[in-house]
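Respectively, the protein sequence lines represent chains A and B. For the first sequence, position 185 matches number 185 in full-length UniProt numbering, and the numbering has no gaps at all. For the second sequence, position 132 matches number 132 in full-length UniProt numbering, and the numbering has no gaps at all. Using N, Cα and C, we set each Cβ at its ideal position, and we do this for glycine too. First the structure, in the form of structure tokens, and then the observations on it.
Protein chains: 2
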Amino acid sequence: MAGKKVLIVYAHQEPRSFNGTLKNVAVDELRRQGCVVAVSDLYAMDFEPRATRNDITGALSNPELFNYGVEVYEAYKKRSLASDITEEQKKVQEADLVIFQFPLYWFSVPAVLKGWMDRVLCQGFAFDIPEFYDAGFLKDKLALLSLTTGGTAEMYSKAGVSGDFRYFLWPLQHGALHFCGFKVLAAQISFAPEIASEEERKGMVAAWAQRLKTIWKEEPISCTPPWYFGQ
Amino acid sequence: MAGKKVLIVYAHQEPRSFNGTLKNVAVDELRRQGCVVAVSDLYAMDFEPRATRNDITGALSNPELFNYGVEVYEAYKKRSLASDITEEQKKVQEADLVIFQFPLYWFSVPAVLKGWMDRVLCQGFAFDIPEFYDAGFLKDKLALLSLTTGGTAEMYSKAGVSGDFRYFLWPLQHGALHFCGFKVLAAQISFAPEIASEEERKGMVAAWAQRLKTIWKEEPISCTPPWYFGQ
């Protein structure tokens with residue numbers, strides 16, 4: 001939709017990968033609609049994943065007993081967070097929709113993207129106590145996980161060896177995104193592209209591009225337990 | 001138990017933190033039993049979390065289209081993985097029990113520990129296709145997650161705002177540890193130490209030390225869906 005702003009947080013090492021293609025078609029389709037699209041290419045940026053004392057540029061509140069969460073919260077309020085964090089926070093602040101594009105690593109995001117979540121979505125910026133879940137500071141924004149898996153859709157079914165895919169989505173969609181207030185759109189899961197045929201891969205890319213054409217009309221999913229799991 | 005080998009993978013920035021204390025009492029109690037205990041102190045090691053081309057010291061199989069999983073699998077077989085990975089793999093290989101000690105970040109492990117999982121537990125070393133889950137290569141080993149939370153036990157109950165704690169444990173216990181074959185012992189969750197009284201914190205530390213006294217007699221939990229969730 002013309003004028004909407006989108007941030008794509010992208011975590012793949014290879015521009016010519018299937019994840020790279022999914023990222024590219026999203027950029028293309030959203031720009032075609034007139035959206036303003038920014039991309040954080042985490043590996044290309046060599047984005048720092050570790051949450052350390054370096055994230056605070058000024059003096060610490062308590063240098064004797066380093067508490068990352070407390071210090072980062074204080075640094076956010078004093079505007080003394082490391083610049084790589086504040087630059088990402090600016091991009092998030094401007095975005096109407098944040099898309100995360102990544103391959104599933106151990107039922108979760110790759111560490112470089114986990115580090116983006118750990119460091120960028122800090123207290124004061126993304127939430128406060130008790131401003132979290134529906135009251136989180138990012139509550140006027142949408143978020144969407146677009147991911148590829150190694151396993152097949154059958155493996156990620158309720159009776160499959162890896163269990164319902166909603167089980168692994170839970171910590172990301174509810175524990176991280178919903179906690180910050182994001183309205184979460186249904187995940188786009190491209191199952192097992194590495195063992196799919198070229199035709200099937202093209203189908204998955206086309207399905208993603210097609211979905212993005214009407215993305216602004218979608219309703220968010222419910223992240224409320226235990227209904228989330230269909231119980 | 002005398003002669004048993006334990007690896008503690010520890011992810012906290014501050015030695016004097018509650019997580020640091022939990023790590024220390026585990027080292028002390030296990031050594032008192034006559035166990036050989038190694039600690040991987042990930043922040044102190046400045047452990048690299050990002051999964052990149054640098055993890056392969058030799059030539060790539062396909063430099064035109066970098067596929068991390070494929071390249072690391074080949075490098076494992078050719079013994080050309082980066083030394084920080086192989087050193088951790090040696091520690092895992094020698095261990096009878098691996099304990100992960102960390103604060104919960106976004107319903108999961110901190111990025112530095114996610115990076116340890118992403119990089120160390122590679123195909124060829126920890127699993128192969130189809131040697132995974134019960135057939136994973138680490139099937140003669142035990143694993144245990146010992147973690148602290150920000151939220152209270154009530155928040156992490158089935159009817160609580162954050163849902164049953166088993167929901168967030170699933171990707172770690174089943175998706176990562178069980179996938180590699182580990183027999184998983186029940187998680188040790190120290191809820192909300194930051195808002196607990198000094199007496200309550202001491203109680204949590206004592207409970208952990210006490211549990212470790214009989215840890216070698218414990219039976220692993222079942223990681224099989226959907227029973228895992230008590231359904």
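Query raised in the report: For K183(B), which of E29(B), E131(B), L97(B) has the nearest alpha-carbon?
Result: It is L97(B) whose Cα lies nearest to the Cα of K183(B).
### Query
Using a C-beta to C-beta distance shorter than 8 Å, which residues of chain A count as neighbours of Q13(B)?
Here the neighbours are A51, T52, R53, F66, Y68.
Quiz item: In three-state terms, what does DSSP make of S108(B)?
Solution: Residue state for S108(B) is assigned as strand, using DSSP reduced to three classes.
Quiz prompt | Assigned exposure category for L65(B) - 16 Cβ within 10 Å defines buried | solution = Exposed, since its Cβ has fewer than 16 Cβ neighbours within 10 Å.
message: According to DSSP, Y133(A) sits in a beta bridge with which residue or residues?
response: None, per the DSSP bridge assignment.
Exercise. Under three-state DSSP, which class holds F100(A)?
Worked result: Correct three-state label for F100(A): strand.
| message | What residue range does the alpha helix (DSSP H) around L42(A) cover? | response | Careful: L42(A) lies outside any alpha helix (DSSP H) and carries neither H nor E.
- What's the C-alpha gap between F168(A) and Q173(B)? Each residue's alpha carbon lies about 11 Å from the other.
Shortest alpha-carbon distance to G203(A) belongs to which of E48(A), S190(A), L212(A), K213(A)?
G203(A) has its Cα closest to that of S190(A), out of E48(A), S190(A), L212(A), K213(A).
**Study point:** Any C-beta of chain A under 8 Å from that of P130(B)
**Key:** Taking Cβ atoms only, chain A never reaches closer than 8 Å to P130(B), which makes this a no.
**Q.** Buried or exposed (CB count within 10 angstroms, at least 16 for buried), T21(A)
**A.** T21(A) is buried by the Cβ-count criterion.
- Message: For G3(B) and V36(B), what's the separation of their Cα atoms in angstroms?
- Response: If you draw a straight line from the Cα of G3(B) to the Cα of V36(B), it comes to about 7 Å.
In whole angstroms, what separates the C-alpha of Q32(A) from that of I215(A)?
According to the sequence displayed, residue 32(A) carries Arg and not Gln. Their Cα atoms are separated by approximately 13 Å.
(request) Have a look at E29(B) and A209(B) and give me their C-alpha separation to the nearest angstrom. (result) About 7 Å.
*Just by C-beta distance, which residues in the stretch 88-115 of chain A are closer than 7 Å to chain B?*
Taking a C-beta cut-off of 7 Å against chain B, the contacting residues of the stretch 88-115 of chain A are Y105, W106, F107, S108, P110, A111, V112, K114, G115, listed in chain order.
Open item on the list: With a threshold of 8 Å between beta carbons, is G136(B) in contact with chain A?
Closed with: Any Cβ of chain A closer than 8 Å to the Cβ of G136(B) would place that residue at the interface, and such an atom is absent.
Item checked: Pick from V70(B), W116(B), P63(B) that is closest to I85(B), judged by C-alpha positions -> When C-alpha distances from I85(B) are compared across V70(B), W116(B), P63(B), the shortest belongs to W116(B).
### Query
For K141(A), does the count of other Cβ atoms within 10 angstroms reach 16, so buried, or fall short, so exposed?
By the C-beta density criterion, K141(A) is buried, having at least 16 other C-beta atoms within 10 angstroms.
### Message
Pairs of beta-carbons, one from the stretch 151-159 of chain B and one from the stretch 79-94 of chain A, closer than 8 Å: are there three or more?
### Response
With the cut-off at 8 Å, the stretch 151-159 of chain B and the stretch 79-94 of chain A do not touch.
Original post:
Which partner residues does A209(B) have in the DSSP bridge list?
Top reply: Answer is none; A209(B) lacks a bridge partner.
Next on the checklist: According to DSSP, S146(A) sits in a beta bridge with which residue or residues?
Outcome noted: When DSSP reads this structure, S146(A) sits in a beta bridge with Q101(A), Q188(A).
For I195(B), name the three-state secondary structure that DSSP assigns.
Of the three classes helix, strand and coil, the one that applies to I195(B) here is helix, per DSSP.
- Task: Using three-state DSSP, classify V161(A) as helix, strand or coil.
- Result: The answer is coil: DSSP assigns V161(A) none of H, G, I, E or B.
Run through the DSSP bridge pairs and tell me what F127(B) is partnered with.
Residue pairing by DSSP places F127(B) opposite Q123(B) in a beta bridge.
Please state whether the Cβ-Cβ distance between S108(B) and P171(A) is less than 8 Å.
In this structure, P171(A) lies closer than 8 Å to S108(B) by Cβ.
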